[in-house]
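This report refers to the structure that appears directly beneath it.
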Amino acid sequence: MNHAPPAPLIIGVRHHSPACARLVAARIRALQPAYVLIEGPADFNARLDELALPHRLPIAIYSFLADDANHHGSWSPFAEHSPEWQALAVGRDIGAALRFIDLPAWHDAFTETLNRYADVEDDAEEARAQAYLDALADKLGVDGRDALWDQLFEDDTDLDTLAASLAAHFEHLRGSDPGSSGNRAREASMAEWIGWAVAQDRGPVLVVCGGYHAPALARLWPAARVRYGAGDAEPATPVPGDRDGPVRHGSYLVPYTFKRLDAFTGYASGMPSPAWYQWLWALGLDGAGRRLLQGVLTRLRDKKLAASTADFMAMQLRAQGLARLRGHRAPLRSDWLDALAGALIGDALDVPLPWTYRGPIRPGTDPVLVETMDVLAGDEAGRLAPDTPQPPLVASLEAELAAAGLALKVQPSEVELDLLAPEGRARSRVLHRATLLDLPGFVRRSGPQSALSGERKERWTLARPFAQQAALIEAGAWGATLHDAARARLEDGLRRAGGRIDALAAHLNQAAFAGLPSLSRTVLADLQGAVAQEARFEALGVALGQLFMLLSHGQLLGMADAPVLRVVVEAGVDRALWLLEPPAAVPAGDVEAHVQAVTALRRIALDVAARRREGAEALASIELPRMLAVFERKAASVASAPLSRGAALGAVIALRAHVEDDDVHAGALALRVLDSLAPAQLGDAVAGLLALARDALLHDTAFVAGLDARVQQLADDDFVIALPALRAAFGWLPTRERGDLAGQVLGLHDAGHLSRHHLTARHGAWAAEDVAAHRLAERQAMAALAAWGIPLDASDAPSPT
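All residue numbers for the sequence shown refer to the working numbering, where the first residue is 79 and numbers rise by one.
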């Protein structure tokens, strides 16, 4: 006669709760189950023995999935007081078969989830759960979710009462909510494992899962049970589906810290104040209270904050009184914290007490409370056992550092590199690749901002901080070697730049420092599309100038003719021409960038023309006749900004001379454009002209004479209007060329015997514009007086100075 296997014991828990950990450990010892099924990544089942190595907790399983378009990582952290860890440890002790039964962390169900052991993962579920918890807290007169949990479950309740209370609590928390699509997928997977384990009929089955999932699993597992028989294979672990390009996925153990586990750092963990709950697990309520008092007193005195022995005696009395008033056997975390606030904080508070809300501590919180919460977070740091498997990147980095003669030690050391020496450049590449991966312990203190800068020295501070090992293991998701991982991280940064050309240029500058000239075809296509969407001519042009220099002169960096630069420059030139041609104003803040952008286009055209004359391959998609035509139309456009017209005309003069071998009369061409402008526009047009074609124009005596004549012909009021922009225009000239121009102007006025400083030096405290404006006002006043018949003596006439 067939018998039905017993139903599984499903224990819903709050992750990192000592009370739940105590319940799980006791139930496993009492039940002696054949299977202990735990909410955790099922793809790690073949490596569960790694968790049995002699690690120092906390640690976490870091799981990742990455392809050419996406990268996602998720953590499953464990502390000694975590119910999942106790299930693993005690289940192993009694010889039970251990299995993780949740979906792998790379599954789509975890797309927005960083921490598998968060209280509730979905925003909508969070809102529904919060509404229930708020109503329950109001009913019991408790302030905050965590204080509510402590009062209900962390008060040394006997195990039977605790189990019944937890089951009722989680049933109400879940209610009739079907859950998000991600949670439904996870629960279907967990129910499948439970059904399989029950069907094996080898003995009791105990399940440890998040309390939110427990009611759903109790309803779902019977339907899964009928699909399995004794001896059937375990449920299949999902594998990544079809994706673009190669897929990297896997899981590794990483050292973790209480600080990362703490809910008050903004991390979505199950419980706050992990140090407090570790004390509670190890020492009980009374012992945890003593550790809190000792730790807070020591910290406040170390920080020179007011904390007398009398204050702490008052705090202890307050905590005992609050515990009795609230019906607690001994003071809970909230009792101690409320007592501390009452005993040590004398002033009114501008922000809520930090233990009454979740997330980072808010600005304006009293320093005493900030330090107290830091003590309760703890500084415990995990450490992996020596034989723990690690991703290939760990060995790759060590090999690269050794080959470069770079050593990492716990104590920081200074390294100075010569970037013009091959050895120094090679060492710099290794360090820049490490910084692309955001590895702690690699800090660049000084060096050139641009990869093509002429600066020779680069200084670094190198160290091996504790956080480096975890960060390096997690960075292993990007690739097996330092080169591949840095390139993958760079490509991800380029994708995330959002099409902003300045951000793209900054990332490509990083690529030059790190010696990463080759990127995937997918990224090249994405870059081409992003550049085609850029809406700012100035930003695009400036970036083009920088990237073109890398493309043309980046031999030392390994970036010369790099495909990624070729793609960006060719697409950028096409887009920049489209953005330049329509009439548009140039805001004052964009003047310099606008001129730099036009200069970059001119430089690209001249370089391409020179290469083609030499028969060398050069950016085939760039059409020089089109560039010249766009500049000509811009220079002739009366609706365009004068600065832009002048700069475009300067580009035309350079291109006609060097591209078409046209014996252009630069001065005459420039003067014709200047003649079409109003006085107020003259200076801006001259600024654009001199910035782009000063070599041709300043050696053209006809242009200098013509410009001088046009300035002389200005009416007094027009001259005052035009003067500021004219002076700014001549500010583009280097000091020597400004002096040469002054010499030509003095010659035109038969004043060659005077020093050039008569025109270039500042006279007195007044700016030339102010002097001209005051002189005009003075002449106008004298003219008005004469018109009214008021005679003036010679001594009353305005001074010529």
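Think of the CB as a built atom: it goes at the ideal place given N, C-alpha and C, for glycine as much as any other residue.
In terms of Cβ geometry, L629 and V647 form a close pair [threshold 7 Å]. Here I579 carries a helix assignment [DSSP, helix/strand/coil]. Taking the Cβ atoms as the reference, A748 lies roughly 14 Å from L721, outside the contact range of under 8 Å.
V521 sits in a strand when the DSSP states are folded into three classes.
Under the three-state reduction of DSSP output, L760 falls in the helix class.
If you check the CB distance, G273 and R252 do not come in under 7 Å. DSSP assignment within the region 413-492 yields the following whole alpha helix (DSSP H) runs of 4 residues or more, N-terminal first: 445-455, 470-481. Of the residues assessed, T376 falls on the exposed side of the cut-off, its CB having fewer than 16 other CB atoms within 10 angstroms.
Distances from the CA of V102 to each of A548, M705, C287 were compared; the closest alpha carbon is that of C287. Bounds of the alpha helix (DSSP H) holding R377 are 352-380. With respect to G222, F248 sits apart: the two C-beta atoms are not nearer than 7 Å.
With a cutoff of 7 Å on beta-carbon distance, L497 and R503 are scored as near each other.
Straight through space, the alpha carbons of S491 and Q624 are spaced by roughly 33 Å. Rounded to whole angstroms, the gap between the alpha carbons of E710 and V609 is 24 Å. If you draw a straight line from the Cα of F781 to the Cα of V751, it comes to about 12 Å. Contact between A455 and S351 holds: CB atoms are separated by about 6 Å, below the 8 Å threshold. Closest option to G667, judged by alpha-carbon separation, among E616, L702, R653: E616.
Under DSSP, P119 forms a beta bridge with D180. The criterion of a C-beta distance shorter than 7 Å is not satisfied by A459 and F520. Runs of the alpha helix (DSSP H) lying entirely within the region 540-619 and spanning at least 4 residues, in chain order: 545-553, 560-574, 579-592, 599-610.
Judged by DSSP in its simplified three-state form, L495 adopts strand.
A direct Cα-Cα distance of roughly 11 Å separates A165 from P111.
Taking the C-beta atoms as reference points, V508 is found no nearer than 7 Å to V453. Comparing alpha-carbon positions, the option among I551, P96, G607 lying closest to A649 turns out to be G607.
In the structure shown, P96 falls within a helical segment according to DSSP collapsed to helix, strand and coil. Cβ-Cβ distances below 7 Å link L792 to P757, A800 in the same chain, with the five nearest sequence neighbours on each side left out; the list follows chain order. Scanning the region 231-301 for uninterrupted beta strand (DSSP E) segments of 3 residues or longer gives 283-288, listed from N- to C-terminal end. CA-CA distance, P518 to L618, rounds to 33 Å.
According to the DSSP assignment, V304 belongs to no alpha helix (DSSP H), since it is labelled neither H nor E. Residues of the same chain with a CB within less than 7 Å of the CB of R170, apart from the 5 flanking positions on each side, are A130, L176 in chain order. Cβ contact annotation for K337 (same chain, cutoff 8 Å, sequence separation greater than five): T343, A455, G456, D457, in chain order. W414 is positioned such that its CB atom lies closer than 7 Å to that of L370.
Across the structure, I179 and A269 are spaced so that their CA atoms are roughly 8 Å apart. Here the C-alpha atom of H93 lies approximately 32 Å from the C-alpha atom of A308. When Cβ pairs closer than 8 Å are counted between the two stretches, the region 384-398 is seen to touch the region 407-425, the count reaching three or more.
E494 and E552 have their C-alpha atoms spaced approximately 29 Å apart.
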